[in-house]
Amino acid sequence: MIPLVDLGAQHDRIKSELAAAIDEVFASRAFIQGRHVAEFERAFLRLHEVPHGVGCSNGTAALFLALAGLSVGPGDEVIVPAHTFIACGEAVRHVGARPVFADVDADTQCLDPAGLARARTPRTRAVLAVHLYGNPCDLDAIGAFAAEHGLLVIEDAAQAHLARYRGRPVGGFGDAATFSFYPGKNLGACGDAGFVMTRDPELRARMAKLLDHGREEKYRHDVVGYNFRMDGLQAAILLAKLRHLEAWTEARRRHVAHYDRLLAPAGFSSPRATGGADPVHHLYVVQVSNRDAVQRHLTENGIASGVHYPIPLHLQPAFADLGGRPGDLPVAERLAGRILSLPLYAELDPAQVERVAATFLEVARP
Ligand SMILES: *Cc1c(COP(=O)(O)O)cnc(C)c1O
10 MIPLVDLGAQ
20 HDRIKSELAA
30 AIDEVFASRA
40 FIQGRHVAEF
50 ERAFLRLHEV
60 PHGVGCSNGT
70 AALFLALAGL
80 SVGPGDEVIV
90 PAHTFIACGE
100 AVRHVGARPV
110 FADVDADTQC
120 LDPAGLARAR
130 TPRTRAVLAV
140 HLYGNPCDLD
150 AIGAFAAEHG
160 LLVIEDAAQA
170 HLARYRGRPV
180 GGFGDAATFS
190 FYPGKNLGAC
200 GDAGFVMTRD
210 PELRARMAKL
220 LDHGREEKYR
230 HDVVGYNFRM
240 DGLQAAILLA
250 KLRHLEAWTE
260 ARRRHVAHYD
270 RLLAPAGFSS
280 PRATGGADPV
290 HHLYVVQVSN
300 RDAVQRHLTE
310 NGIASGVHYP
320 IPLHLQPAFA
330 DLGGRPGDLP
340 VAERLAGRIL
350 SLPLYAELDP
360 AQVERVAATF
370 LEVARP
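Following our numbering, the numbering of the sequence shown begins with 10 at its first residue and continues without gaps.
Take a look at the structure:
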């Protein structure tokens with residue numbers, strides 16, 4: 010069986026490092042925030058070349074904290090790509106603002122800068138720049154549009170740890186940037202965890218306060234806050250895994266190049282890298298016209314596959330009240346019907362990539 014992601018294979022190879030990290034947390038009893046969280050924060054920020062940030066409970070909370078910290082709220086609109094994970098729309102809703110879904114580029118599958126003007130209204134406050142599948146979106150064009158209209162940019166880098174754009178790591182381009190360490194992400198905890206970073210120390214302070222019951226002192230609460238803290242076990246595990254992230258990313262790149270070599274001659278394409286971007290390939294996504302048959306055939310041959318994501322956000326029942334209709338965002342809708350994610354993780358070996366590709370090619374039609 011070849012799974013979509015094999016956390017067992019990852020953890021087996023670094024078992025002793027993970028065990029040592031967990032032992033240290035038990036010895037220090039720093040279970041909530043504490044020194045492992047602080048150490049992870051410093052290390053993760055250093056790698057992304059961004060000065061301020063705070064670990065939190067998950068990637069959705071990170072998006073909420075960025076929006077709330079930037080005072081996006083009721084009466085505001087936020088432009089969100091329709092082709093992404095539901096959390097992007099949820100977080101906008103959680104702060105009381107309105108998500109306005111925009112179409113994506115057919116080649117990169119990231120937010121199409123050409124659609125921003127259509128999505129903007131006098132109420133627009135921010136753009137959620139999602140680096141989908143680890144491919145940085147067009148930050149130059151989005152940044153220029155935001156600057157022209159006085160909008161905030163929040164990068165959602167949940168799938169894009171260590172990805173680069175014009176030679177610099179993602180995370181430092183927007184007013185804030187968020188990450189998820191959901192177990193299956195490129196850097197995954199053994200549970201839920203997230204991160205939000207910024208160049209603005211005051212924004213960092215507001216977000217750090219909000220995520221810990223609105224306080225800086227133990228029992229003095231300046232604002233009504235939340236409990237979105239990172240826990241020490243996850244931080245220690247992430248710190249141990251962080252040392253391997255660069256090598257894991259390189260392995261992903263090799264597997265993607267291998268898949269591309271095998272599948273491109275038959276007419277299948279994975280998303281094109283945005284100009285100036287070095288993607289980190291969270292997923293390997295191809296397009297097919299007979300997805301159900303391909304998935305059945307892969308399953309019968311012991312190969313897992315997935316669809317990320319089958320329903321564009323403007324057509325999700327959860328956002329029905331926003332009035333989205335089929336046909337509104339044709340590129341996102343067409344992709345949703347055609348995309349298929351094949352197994353991708355660092356520990357795959359080339360023979361497995363070849364087996365997946367050969368089995369796929371037996372039935373897939375472009
Ligand atoms: C995973 C993900 C999130 C949410 O992260 P959680 O840690 O699961 O809350 C947000 N945005 C994108 C693009 C994601 O892939």
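Think of the CB as a built atom: it goes at the ideal place given N, C-alpha and C, for glycine as much as any other residue.
Note to self: Using a Cβ-Cβ distance cut-off of 9 Å, determine whether A75 contacts chain D.
What the structure shows: Within the model displayed, chain D is absent; a lone protein chain is all it includes.
Item checked: Start and end residues, beta strand (DSSP E) containing G78 -> That residue, G78, is in no beta strand (DSSP E); its alpha helix (DSSP H) goes G68 to G78.
Notebook entry, point to check: Cβ atoms of L271 and V362: under 9 Å apart, would you say?
Noted result: yes
Margin query: Give me the residue from F237, K227 and R175 with the minimum Cα distance to A202.
Written below: F237
Next item on the list: With a threshold of 16 other CB atoms inside 10 Å of the CB of G183, please say whether the residue is buried or exposed.
Entry: Buried: at least 16 other Cβ atoms inside 10 Å.
Checklist line | Those runs of the alpha helix (DSSP H) which lie wholly inside the stretch 112-158 and span at least 4 residues | finding: DSSP assignment within the stretch 112-158 yields the following whole alpha helix (DSSP H) runs of 4 residues or more, N-terminal first: 125-128 and 148-158.
Notebook entry, point to check: For L171, which option in G159, G143, L160 and S37 has the closest C-alpha, if you only look at C-alpha atoms?
Noted result: G143
Item checked: 8 Å contact criterion, which T187 and A29 should meet: CB distance rounded -> So it is not a contact: roughly 29 Å between Cβ atoms.
Check: How long is the line joining the alpha carbons of A360 and I41, rounded to whole angstroms?
Finding: 43 Å
Notebook entry, point to check: Could you check where the beta strand (DSSP E) with I163 kicks off and where it finishes?
Noted result: L161 to D165
Item checked: Strand pairing of H230, partner residues [DSSP] -> R224
Margin query: For the alpha helix (DSSP H) containing P359, name the first residue and the last one.
Written below: P359 to V372
Notebook entry, point to check: Quick one, are the C-beta atoms of L324 and V113 less than 9 Å apart?
Noted result: no
Notebook entry, point to check: Sorted by chain position, which residues of the same chain lie with C-beta nearer than 6 Å to T258's C-beta, five sequence neighbours on each side aside?
Noted result: L171 and V289
Checklist line | Selected residue, minimal CA-CA separation from R134, among H158, E211, A150 and C119 | finding: It is H158.
Margin query: For R374 and S278, what's the separation of their Cα atoms in angstroms?
Written below: 12 Å
Check: Out of curiosity, what's the CA-to-CA distance linking T130 and E99?
Finding: Answer to the nearest angstrom: the Cα atoms are 20 Å apart.
Check: Hey, quick one: how far does the alpha helix (DSSP H) through Y268 stretch, first residue to last?
Finding: From DSSP, the alpha helix (DSSP H) with Y268 extends over L254 to L272.
Checklist line | Cβ neighbours of R107 in the same chain (closer than 8 Å, five flanking residues each side left out) | finding: Counting only Cβ-Cβ distances below 8 Å, and skipping sequence neighbours, we find D85, E86, V87, V101, R132 and L331.
Check: M10: buried (16+ other C-beta within 10 angstroms of its C-beta) or exposed?
Finding: exposed
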